[in-house]
Amino acid sequence: MTLKSLLMGAVATAALAPAAFAERGSDGEVSIIYWQAPSILNPYLSGGTKDIESSSLVIEPLARYNEVGELTAWLAAEIPTVGNGGVSEDLTTITWKLKDGLVWSDGSPVTSADVKFTADYCMNPEGGCAQLAKFDGVENVETPDAQTIVVTFN
429 MTLKSLLMGA VATAALAPAA FAERGSDGEV SIIYWQAPSI LNPYLSGGTK
479 DIESSSLVIE PLARYNEVGE LTAWLAAEIP TVGNGGVSED LTTITWKLKD
529 GLVWSDGSPV TSADVKFTAD YCMNPEGGCA QLAKFDGVEN VETPDAQTIV
579 VTFN
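Position in the sequence shown (first residue = 1) + 428 = the numbering used here.
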């Protein structure tokens, strides 16, 4: 083995050693790689996982699951339960309250009418919403005021 080969091997070993001992996620970044780039950032117009995952960066839910699997309020002020009156005793209605101060990127307020618009679009069988099946069992969505959404199930 030549001196040049030994030196090149030592340099390569020194350069790659930190990667060998690195812990996954230790740099604070997570990369999600799909075989194909997202084609749209609207989950209501696509049923593809890559599009739904990508759109979650710009479209936020009333609630989502945290890193340990607990349901946590996101755009909602709190998670509705029977105990706090957000879920009816007969389990046919759920009342969500939006957090105060939510705004769109243009500064206009996010209201319950925005949530109803999405629900109405997705529940219309002729609307083309790719997520129609996720609204099975929803009878209607009402908005008694700008902060309140009442979902009634059949």
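Cβ atoms here follow ideal geometry from the backbone N, Cα and C, with glycine treated the same way.
All values reported here derive from a predicted model rather than from experimental measurement.
- prompt: Looking only at C-alpha atoms, which of Val-510, Arg-492, Ser-454, Val-531 sits nearest to Ile-522?
  reply: The count along the sequence shown starts at 1 and reaches residue 522 at position 94. Comparing Cα-Cα distances from Ile-522 to each of Val-510, Arg-492, Ser-454, Val-531, the minimum goes to Val-510.
message: Can you tell me where the beta strand (DSSP E) holding Thr-539 begins and where it ends?
response: Looking up residue 539 in the sequence shown gives position 111. It is not in any beta strand (DSSP E) - Thr-539 carries neither H nor E in the DSSP assignment.
task: Give the single residue among Ser-483, Val-579, Val-569, Glu-457 whose Cα lies nearest to the Cα of Leu-519.
output: Within the sequence shown, the letter at position 91 stands for residue 519. Measuring from the Cα of Leu-519, the nearest candidate turns out to be Val-579.
- request: Check whether the Cβ atoms of Gly-514 and Ile-507 sit closer than 9 Å, and answer yes or no.
  value: Your numbering for residue 514 matches position 86 in the sequence shown. Your numbering for residue 507 matches position 79 in the sequence shown. It is a contact, given that the beta carbons lie within the stated cut-off.
field: Sufficient close CB pairs (3 or more, under 8 Å) joining the stretch 560-578 to the stretch 540-547
entry: yes
message: Could you check whether Ile-480 and Pro-471 sit closer than 9 Å to each other, using their CB atoms as the reference points?
response: For the purposes of this step, residue 471 is taken as the residue at position 43 of the sequence shown. For the purposes of this step, residue 480 is taken as the residue at position 52 of the sequence shown. For Pro-471 and Ile-480, yes; Cβs fall inside 9 Å.
- prompt: So, is Leu-526 buried or exposed, given that buried needs 16 or more other C-beta atoms within 10 angstroms?
  reply: Taking the sequence shown and counting its residues from 1, the one referred to as residue 526 is at position 98. So Leu-526 ends up on the buried side.
- prompt: With distances taken from CA atoms, which of Glu-457, Val-458, Gly-456, Ser-484 is nearest Ser-468?
  reply: Along the sequence shown, one-based indexing puts residue 468 at 40. Strictly speaking, residue 468 in this sequence is Ile, with Ser absent from that position. Looking at the Cα atoms, Ser-484 is the closest of the given residues.
query: Ser-482: buried (16+ other C-beta within 10 angstroms of its C-beta) or exposed?
result: By one-based count along the sequence shown, residue 482 stands at place 54. Per the 10 Å Cβ criterion, buried.
task: Excluding the 5 residues preceding and the 5 following Val-566 in the sequence, name in chain order all residues of the same chain whose CB lies nearer than 8 Å to its CB.
output: Here residue 566 corresponds to residue number 138 of the sequence shown, with the count starting at 1. So the qualifying residues of the chain are Ala-547, Met-551, Val-579, Thr-580, Phe-581, Asn-582.
message: Please classify Val-531 as buried or exposed, where buried requires at least 16 neighbouring CB atoms within 10 angstroms.
response: The residue you call residue 531 lines up with position 103 of the sequence shown. Counting Cβ neighbours within 10 Å, Val-531 comes out exposed, since fewer than 16 surround it.
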